[in-house]
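First residue of the sequence shown? That's 246 in my numbering, and the numbers climb one at a time after it. Beta carbons are placed, not taken as given, at the ideal position from N, Cα and C, and that holds for glycine. Below: the structure, in structure tokens.
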Amino acid sequence: MKEFTFLKTNKKTPRLGFGAWQLGNTEFWGYMAYDDGIGLVKKAIESGVRFFDTAPGYAAGMSETIIGDAISGKEDQIIINTKLGHMADGSTDFSVSSLEEQVYESLERLKVKSLDSVLLHNPDMSILKHETDHFEELERLKEEGLIKAYGVSIDTYEELEAVIEHLNIDVVEVLFNIFFQEVRPLLKKAKEKGITIITKVPLDSGWLTGKYDENSEFEGIRSRWDIETIERRAKLVQEIRNITGDDDVTKYAIAFIMSFEEIDLVIPGIKNEDHLKQHIEYQSYVLPEKFKKAFIDLYDQHIKNDPLSW
246 MKEFTFLKTN KKTPRLGFGA WQLGNTEFWG YMAYDDGIGL VKKAIESGVR
296 FFDTAPGYAA GMSETIIGDA ISGKEDQIII NTKLGHMADG STDFSVSSLE
346 EQVYESLERL KVKSLDSVLL HNPDMSILKH ETDHFEELER LKEEGLIKAY
396 GVSIDTYEEL EAVIEHLNID VVEVLFNIFF QEVRPLLKKA KEKGITIITK
446 VPLDSGWLTG KYDENSEFEG IRSRWDIETI ERRAKLVQEI RNITGDDDVT
496 KYAIAFIMSF EEIDLVIPGI KNEDHLKQHI EYQSYVLPEK FKKAFIDLYD
546 QHIKNDPLSW
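This is the structure we're talking about:
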């Protein structure tokens, strides 16, 4: 896997990262035992994965704990991107005064001396417009060596526009996939500002794997989708198949994101070794320009003016 150096960490990573919401999660992603999570992370490292995206709020801190235990002895090879604001106990705290304590809690769970990257996890617009002192505090923590880089995890065009206009940060993690292209016009501007761009939810919470259809039923966080939304997404997935002439959807969903040179990393959630092997194989697939144009047209004509709910 081709690699690039992540910011000033002197650590290299392929563009394919590992989204770790599912590690140790018993509520939203089905049960994953601790040992299974450890084994999966170790296998990912053996397969060349170097970037892991996690957060205290993922499985009540267990995601960070599993990663920390799994990378023991390999800390100098691994890049960990974690978050601040949503706590392991389920509470939310974006107060400036709490940031240092949150960093120390993540350091303890991850068993590392410094965090490669920390992101404010869906902060308010006032923070994104730099109307607060959050980034001064993060800069202080960076100068003290507790963190190496900082940024934000966001979802919308308006939020990314605010980041570009008001902030000088290292990293932005943004929602982007075939069905969510709202931020596409801003990717170049963000990159020109020197921001490392990570894309989250690349498979639209499973829809862009092709495993769901109009008859699928959902539990947990996915129960947010009503019947109309399910039927609409199912039709859009079929449109992707019609474009490619292939039943596989995952390969094209990942390749679409990687076709944007402004994007540094894509972080699909990986639940088992089969998923891991598939993603590693697919990352070398280069999306034909005709498919890229067709996916952009699909969004512009059928989604842009009537956005899907997350």
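Taking Cβ to Cβ, would you say residue i is nearer than 8 Å to residue j?
i, j, result
"Thr299", "Ala333", "no"
"Leu405", "Ile414", "no"
"Leu364", "Phe339", "no"
"Ile325", "Ile312", "yes"
"Leu521", "Ser292", "yes"
"Asn270", "Tyr303", "yes"
"Thr454", "Val494", "yes"
"Ile423", "Tyr544", "yes"
"Pro368", "Val397", "yes"
"Glu309", "Ser336", "no"
"Ala500", "Leu448", "no"
"Phe536", "Ile502", "no"
"Tyr395", "Val416", "yes"
"Arg260", "Gln528", "yes"
"Leu431", "Ile508", "no"
Taking the alpha-carbon positions, what's the residue i to residue j distance?
i, j, result
"Thr401", "Glu473", "23 Å"
"Arg486", "Lys538", "15 Å"
"Lys436", "Ile442", "7 Å"
"Lys288", "Lys319", "13 Å"
"Glu534", "Val408", "30 Å"
"Asp542", "Arg354", "44 Å"
"Lys374", "Gly490", "44 Å"
"Gly306", "Gln267", "11 Å"
"Glu248", "Gly262", "11 Å"
"Val286", "Ser343", "29 Å"
"Ser450", "Ile466", "10 Å"
"Glu557", "Lys438", "As displayed, the chain neither begins before 246 nor continues past 555, which places residue 557 out of reach and without an answer."
"Pro301", "His331", "7 Å"
Going by C-alpha to C-alpha distance, which of the options sits closest to residue i?
i, options, result
"Asn460", "His524, Lys480, Lys247", "Lys480"
"Gly284", "Pro533, His524, Glu534, Ile515", "Ile515"
"Phe557", "Leu532, Leu391, Ile512", "Nothing can be reported for residue 557: it is not among the residues displayed for the chain, which extend from 246 to 555."
"Arg477", "Pro533, Tyr457, Ala305", "Tyr457"
"His411", "Ile440, Val348, Ser359, Met277", "Ile440"
"Glu389", "Val419, Asp321, Glu345, Arg467", "Glu345"
"Tyr349", "His366, Lys328, Pro447", "Lys328"
"Lys253", "Asp361, Asn367, Asp471", "Asp361"
"Trp452", "Ala394, Leu553, Glu526", "Leu553"
"Ser504", "Thr495, Asp471, Asp492, Tyr530", "Tyr530"
"Phe297", "Thr258, Tyr279, Asp280, Gly330", "Thr258"
"Asn550", "Gln426, Lys438, Tyr527, Gln528", "Gln426"
"Ala315", "Gln528, Leu431, Asp280, Gly335", "Asp280"
"Thr250", "Ile323, Glu309, Gly282, Val397", "Ile323"
"Ser317", "Gln347, Ala278, Val357, Gly282", "Val357"
I'd like the span of the alpha helix (DSSP H) that includes residue i, first residue to last.
i, result
"His547", "534-547"
"Ile525", "518-527"
"Asn498", "According to the sequence displayed, residue 498 carries Ala and not Asn. 495-503 is the extent of the alpha helix (DSSP H) around Ala498."
"Glu382", "379-388"
"Tyr530", "Premise fails: Tyr530 is in no alpha helix (DSSP H) and is neither H nor E."
"Glu350", "344-355"
"Met332", "Looking at the DSSP string, Met332 is not in any alpha helix (DSSP H), and its letter there is neither H nor E."
"Ser371", "370-373"
Any heavy atom of the ligand GTP inside 7 Å of the beta-carbon of residue i?
i, result
"Arg385", "With respect to small molecules bound, the structure shown includes none, and the ligand GTP cannot be examined in it."
What are the boundary residues of the beta strand (DSSP E) that includes residue i?
i, result
"Leu365", "362-366"
"Thr327", "324-329"
Q: Just list the beta strand (DSSP E) runs in the stretch 396-477, keeping only unbroken ones of 3 residues or longer that don't cross its boundaries, in chain order.
A: You should have 416-420, 441-445.
Q. At what residue ranges does the stretch 262-321 contain a whole run of the beta strand (DSSP E), taking only runs of 3 or more?
A. Look at the stretch 262-321 and you find these whole runs of beta strand (DSSP E), each 3 residues long or longer: 296-298.
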